[in-house]
Amino acid sequence: MIDFKNETRQRIISHTLKQFNLSMADNEIYIDTDARHFAQSKHDLMQGILKIYDLTMTTKSNVSNLFVDEVLSYFEEKEIYGSYNQSLTGTTGINYKINFVINPRKHKPEILIDFVNDLNFNVFTTDAFKYKDVVNERYHLEGIKPVYKIIANDEDNKLSDKVLMAARSEDIEIVRWSDKAKVAAIVD
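Sequential numbering from -3 applies to the sequence shown in this note's numbering.
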């Protein structure tokens, strides 16, 4: 079953319906046609259904990309501006990708944000290392310690107490995706 509540999936489904001139009511996909256009309409209906069915077969990377797209769309809707997919170098010389960077403002530090679809302990420890490495370099260069936040998809994947405890210990804020008010206030 496809989660139709997911904003990104809704957008993909809506685009697919328009692409094939289809309609949907009560989770049923249909097409209005006449006898003269039946063959083409039948073909369009089948292609649309297959394309939407493909959403049930999304790979882990596609699901993660859907989550990233959903967060970015929400940021745009809430007028949260920054740089997407920034490459930052740590003190070790390793380059890291940070999903979203909000520049420092008057009396506010730079905010580094990663979007994590399934935040388990292994993912968290990798992100914590990245943060320590990058924060030391950014602090050295700019004189202000950046803040690191992770927006975690807790709607589809439960956050473990172990991860939350480790985040507190590392001074990393976990922002639950289900708490949209907190996500919208991420720049504060």
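A virtual CB, placed ideally from N, CA and C, is assigned to each residue, including glycine.
Bear in mind the structure is a predicted one, so any value in this text is a computation, not a measurement.
{"query": "Confirm, please, whether the CB-CB distance from Ser83 to Asn95 is below 7 Å.", "result": "no"}
{"query": "Apart from the five residues on each side of it in sequence, which residues of its chain come closer than 6 Å, Cβ to Cβ, to Asp167?", "result": "none"}
{"query": "Kindly identify the DSSP beta-bridge partner or partners of Arg172.", "result": "Ala148"}
{"query": "Helix, strand or coil, according to DSSP, for Ser165 in the structure here?", "result": "helix"}
{"query": "Checking the sheet assignment: what are the DSSP bridge partners for Ile98?", "result": "Ile107"}
{"query": "Return the bridge partner residues of Met20 from the DSSP annotation.", "result": "Ile25"}
{"query": "Could you give the residue range of the alpha helix (DSSP H) that holds Thr12?", "result": "Glu3 to Gln15"}
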